[in-house]
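Residues in the sequence shown are numbered consecutively from 14, following the numbering used here. Ideal Cβ placement from N, Cα and C applies to all residues, glycine included.
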Amino acid sequence: MNDAPRALRPEANWPAAFPTRLAGDVARVLEAVPPDRYPANQSFTVDVRGEVLVVPERFNADEPGPAALQALTPSERLVLHCLYTRHGDGYVRQRHVEQILTSDEPCVVPYVIRLVGEYVLEIVEAIGRGLPGLATPGSPQRRLYGEFIASNPAFFARTERRVVSYWSCYYRWRHPSFDTYPGGILLATLRACAEEQTGRPLPHHTPLTRSSRAN
Numbered sequence: 014m015n016d017a018p019r020a021l022r023p024e025a026n027w028p029a030a031f032p033t034r035l036a037g038d039v040a041r042v043l044e045a046v047p048p049d050r051y052p053a054n055q056s057f058t059v060d061v062r063g064e065v066l067v068v069p070e071r072f073n074a075d076e077p078g079p080a081a082l083q084a085l086t087p088s089e090r091l092v093l094h095c096l097y098t099r100h101g102d103g104y105v106r107q108r109h110v111e112q113i114l115t116s117d118e119p120c121v122v123p124y125v126i127r128l129v130g131e132y133v134l135e136i137v138e139a140i141g142r143g144l145p146g147l148a149t150p151g152s153p154q155r156r157l158y159g160e161f162i163a164s165n166p167a168f169f170a171r172t173e174r175r176v177v178s179y180w181s182c183y184y185r186w187r188h189p190s191f192d193t194y195p196g197g198i199l200l201a202t203l204r205a206c207a208e209e210q211t212g213r214p215l216p217h218h219t220p221l222t223r224s225s226r227a228n
């Protein structure tokens, strides 16, 4: 008896993970990717400029070959990179998230922030390096991420709790203070983005930083 998982096409889950205006791009990308042997049974829900997206937690299809990738349009490649940020292999996730960090497409933001709340420190560090505009008041990047967080406070709160949990379990020995932990630094910057948009402080779900205590 063959107990190997049956390969499934990912068409059923992924269209809801992107805005409807990208439906054509999503359909063409899903035709180009191999079957997913371990389709996700969990997802997260976010609001992107008034449209609810339901994003599967994991995507385990093999990556398409270079020829298939080259055949995609820029917007289709953006969709593909978002898909593979949910891959089960951390190296694959990092490779693909690095390709979308400079994008000004709003639906990219939840894929990036979801990775901030995962355990691979190298990915968190790559995100911090790839989003320099977050630290610049009034920058387009700061507005883009601030608007998303302001619209999704529960999602951001869960992300904060995840970052704290992974820091406490795996990285506290290296970064005894949450202030110096790359995930903590990135969360503080993201929080500032949202507070700039809303004009009010967000509830804290992390250890208070020195700057927070000073206020």
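Opposite residue i in the DSSP bridges: which residues?
i   : result
V68 : F57
Given residue i, which residues of its chain have a CB within under 7 Å of its CB, disregarding the five upstream and five downstream residues?
i    : result
E173 : L200, H218 and T219
V67  : A29, A30, S56 and T58
I162 : F169, L203, C206 and A207
Note down, in chain order, each residue of its chain lying with its Cβ closer than 8 Å to the Cβ of residue i, except the 5 sequence neighbours on either side.
i   : result
V65 : T58 and V59
Please work out which residues of its chain come closer than 6 Å, Cβ to Cβ, to residue i, disregarding the five sequence neighbours upstream and downstream, and give them in chain order.
i    : result
D38  : S88, E89 and V92
R175 : G130
Y179 : Y132
Look up residue i in the DSSP assignment and say whether it is helix, strand or coil.
i    : result
G196 : helix
F31  : coil
R185 : coil
S178 : helix
L203 : helix
Check whether the Cβ of residue i sits closer than 6 Å to any heavy atom of the ligand FAD, and report yes or no.
i    : result
P150 : Absent from the structure shown: the ligand FAD. Ligands present: none.
Next on the checklist: Suppose only complete runs of 4+ residues qualify. What are the alpha helix (DSSP H) ranges in the stretch 64 to 111, listed by chain order?
Outcome noted: 79 to 83, 87 to 97 and 103 to 110
Item to check | Unbroken stretches of the alpha helix (DSSP H), 4 residues or longer, contained in the stretch 110 to 170 | outcome: 121 to 129, 134 to 143 and 153 to 164
Next on the checklist: Does the contact criterion of 3 or more C-beta pairs under 8 Å hold for the stretch 139 to 157 versus the stretch 183 to 191?
Outcome noted: no
Next on the checklist: Three or more C-beta pairs under 8 Å: does that hold for the stretch 147 to 166 against the stretch 93 to 103?
Outcome noted: no
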